[in-house]
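Student: To start, I am sharing the structure in question, which I have written as structure tokens.
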Amino acid sequence: MKQFYYLFFLIGMMLSLSACQENKPLVLHPDKTISTSTTEIQYFENFDKLAPLFKHQDDTLRVINFWATWCAPCVKEIPFFTTLDQEFKSQNKKSKVMLISLDLSEKNLVKFIDKNKINTTSYWLDDANANYWIGEIEKDWDGAIPVTLFIKGQNKKFHFGDFESLDDIKTIINSI
571 MKQFYYLFFL
581 IGMMLSLSAC
591 QENKPLVLHP
601 DKTISTSTTE
611 IQYFENFDKL
621 APLFKHQDDT
631 LRVINFWATW
641 CAPCVKEIPF
651 FTTLDQEFKS
661 QNKKSKVMLI
671 SLDLSEKNLV
681 KFIDKNKINT
691 TSYWLDDANA
701 NYWIGEIEKD
711 WDGAIPVTLF
721 IKGQNKKFHF
731 GDFESLDDIK
741 TIINSI
């Protein structure tokens with residue numbers, strides 16, 4: 571009988587420890603921070619420093635959009651994501667919109683963000699080894715943008731291509 575209680579105690583401890591690990595905050599370590607008039611851009615020269623974003627599991631919904639200023643469909647859908655971000659913030663939801671730019675030029679990225687008054691969480695991934703990190707994010711992704719990744723806990727959905735409306739994005743969110 572003592573062995574039963576000991577086993578029960580061990581299982582309980584393991585469950586407690588795993589629950590604590592899931593509640594650890596997501597912490598990223600950018601190479602530098604670039605200030606704009608409306609937000610800060612976290613710059614990552616290497617994907618491995620950004621990788622925890624795609625592996626972190628908690629109850630926060632993350633809507634992660636890959637885009638670039640030179641991509642017309644990307645630019646067209648940016649207002650959908652910034653509007654969604656404002657809705658999440660005003661409703662105090664456990665949800666976050668993140669924009670990951672794949673731009674080649676800091677100047678163009680900062681100019682675009684300032685001109686469009688974007689204050690959504692912004693990252694700039696400048697890792698030239700795309701053959702490595704694209705497959706790390708999604709094995710079926712060929713690298714074309716725009717693409718959007720939706721993560722909540724262990725649930726992940728990847729949307730290839732652009733969105734025609736904010737409602738299209740919300741439809742995917744509601745399916746998670």
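Counted the way this note's numbering counts, the sequence shown spans residues 571 to 746. We treat Cβ as the ideally placed atom computed from N, Cα and C, and that holds for glycine. Note that this is a predicted model, so its numbers are computed, not measured.
Decide if the segment 649 to 656 is in contact with the segment 592 to 602; the criterion is three or more beta carbon pairs, one per stretch, under 8 angstroms apart.
Tutor: Touching, no, given that fewer than three Cβ pairs across the two stretches are closer than 8 angstroms.
Student: Within its chain, find whatever has a CB closer than 6 angstroms to the CB of Asn689; leave out the 5 residues flanking it on each side and keep chain order.
Tutor: Excluding positions up to five away in sequence, the list reads Thr608, Thr609.
Student: From Asp618 to Glu734, what does the alpha carbon distance come to, in whole angstroms?
Tutor: In a straight line, the C-alpha of Asp618 is about 32 angstroms away from that of Glu734.
Student: In whole angstroms, what separates the C-alpha of Lys709 from that of Cys641?
Tutor: When rounded, the distance between both Cα atoms is 22 angstroms.
Student: Using C-beta distances below 6 angstroms, list every residue in its chain close to Asp732, excluding the 5 sequence neighbours before and after it, in chain order.
Tutor: Counting only Cβ-Cβ distances below 6 angstroms, and skipping sequence neighbours, we find Pro643, Glu647, Pro716.
Student: Alpha carbon to alpha carbon, how far is Asn701 from Phe730?
Tutor: Those two C-alpha atoms are separated by around 17 angstroms.
Student: Since Tyr693 sits in a beta bridge, which residues does DSSP pair it with?
Tutor: Answer by DSSP bridge pairing, in chain order: Gln612, Ile670.
Student: Let me know the secondary structure DSSP gives Phe682 once reduced to three states.
Tutor: Reduced to three states, the DSSP call for Phe682 is helix.
Student: Could you tell me whether any non-hydrogen atom of the ligand PLP is closer than 8 angstroms to the CB of Cys641?
Tutor: Of ligands this structure carries none, so the ligand PLP is not represented either.
Student: Applying the criterion that 16 or more other CB atoms from any shown protein chain within 10 Å of the CB defines a buried residue, is Gln612 buried or exposed?
Tutor: With 16 or more other Cβ atoms within 10 Å, it is buried.
Student: From the DSSP output, which residues share a beta bridge with Ile721?
Tutor: According to DSSP, which records beta bridges pairwise, Ile721 is partnered with Arg632, Lys726.
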